[in-house]
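Position 44 (the sequence shown) corresponds to 79 in this note's numbering; numbering is contiguous.
Encoded as structure tokens, the structure appears first; notes follow it.
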Amino acid sequence: MKWIVVILITIVLTSGCDKHINPDYKDIYTLALESLMEEENGLNSDMKYLAINFKTLSNIDENDVSMIMKYFAKYDVEVLDESFNSLNDKGMVFESNYIEGVLLEVTNVEVINKKKFKVECSKFRSGKGAIGLECIIIFTGGSWKVEETKITWIS
């Protein structure tokens, strides 16, 4: 009888493990945007700021935004919450398509399953200096990790 109870408890505890994985979108976005920063490093050279369009990020709150901004402060430039249009409105876009910083945006998020996300994002410096990246982010070993990345377009 004792073994039956132990077996039942083990089944109950292990069968529901995956059900409790809640996607931490802050970590998922940070991983995808960091992967983007690592691609085409020439776009990062002499950047005066790093703009992230947080309006394209869903399922995060102001605390998450703050934590993402603090993470990207490691690039030793001001981290801004801006879109291309807001940069333009502030006079920070030159010749209609060049910025002195780097603009990161998430363009699409696909939930493949509760442990796997596909995040499409872009990095913009100018009309002739931008890339699109597809990141596969997986939950493994108790945390979110980049499984693979693929550049989808370059201008």
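Glycine residues also receive a C-beta, built at the ideal position from the N, C-alpha and C atoms.
For residue i and residue j, which I take to be in contact (beta-carbon distance under 8 Å), what is that distance rounded to the nearest angstrom?
| i | j | result |
| --- | --- | --- |
| TYR64 | LEU92 | 5 Å |
| SER157 | GLU140 | 5 Å |
| GLU113 | ILE186 | GLU113 to ILE186, Cβ: 27 Å. No contact. |
| LYS90 | SER118 | 6 Å |
| ILE173 | LYS150 | 6 Å |
Under a Cβ-count criterion, where at least 16 other Cβ atoms within 10 Å of its own Cβ denotes burial, should residue i be classed as buried or exposed?
| i | result |
| --- | --- |
| PHE129 | exposed |
| ILE87 | buried |
| GLY177 | exposed |
| LYS37 | Unreliable positioning characterises LYS37 in this predicted model, as indicated by a pLDDT of 47, which lies under 50. A coordinate reading is not provided. |
| ALA67 | buried |
| VAL154 | buried |
| THR184 | buried |
| VAL40 | Residue confidence for VAL40 is low, a pLDDT of 34 falling below 50, so the modelled location carries little weight; the figure read from the coordinates is stated next. Answer is exposed; the Cβ neighbour count stays below 16. |
| VAL144 | buried |
| GLY126 | exposed |
Find out if the Cβ-Cβ distance for the pair residue i, residue j is shorter than 8 Å.
| i | j | result |
| --- | --- | --- |
| ILE166 | ILE189 | yes |
| SER70 | LEU138 | no |
| ILE103 | LEU122 | no |
| ASN98 | TYR60 | no |
| ASP116 | VAL100 | yes |
| TRP179 | ASP62 | yes |
Quick one: what's residue i bridged to in DSSP?
| i | result |
| --- | --- |
| ALA67 | For ALA67, which the question treats as bridged, DSSP gives no partner whatsoever. |
| THR184 | CYS170 |
| LEU152 | Rather than Leu, the amino acid found at residue 152 in this sequence is Phe. Answer is VAL146, ILE172, bridged to PHE152. |
| GLU113 | TYR84 |
| ALA191 | Limits of the chain in this structure are 36 at one end and 190 at the other, which puts residue 191 out of reach. |
| VAL128 | ILE134 |
| ILE189 | ILE166 |
Specify whether the segment 157-176 and the segment 67-79 touch according to this definition: at least 3 beta carbon pairs, one from each stretch, less than 8 Å apart. yes
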